[in-house]
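Per this note's numbering, the sequence shown starts with residue -6, numbered consecutively.
Presented below is the structure to which this report refers.
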Amino acid sequence: MWSEYALEVVDAVARGGSFSAAAQELHRVPSAISYTVRQLEKLAGGTAV
């Protein structure tokens, strides 16, 4: 199951159009956003964003 934070990351990336924009919105570094998306992709077995 995806965490609330993971869903926020996907939403922020989709709205912002980039990991950098999502990171700025969520007050994280871009590598943290990238890591979360990679973990979601592994869990889902495909591409999340």
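Ideal placement from N, C-alpha and C gives every residue a C-beta, glycine not left out.
- Between Ile26 and Ala5, the C-beta gap is smaller than 9 Å, which places the two residues in contact.
- Counting along the chain, the unbroken alpha helix (DSSP H) around Thr29 starts and ends at Pro23 to Ala37.
- The Cβ atoms of Leu36 and Val2 do not sit closer than 9 Å to each other.
- Straight-line spacing of the CA atoms in Arg21 and Gly38 works out to 25 Å.
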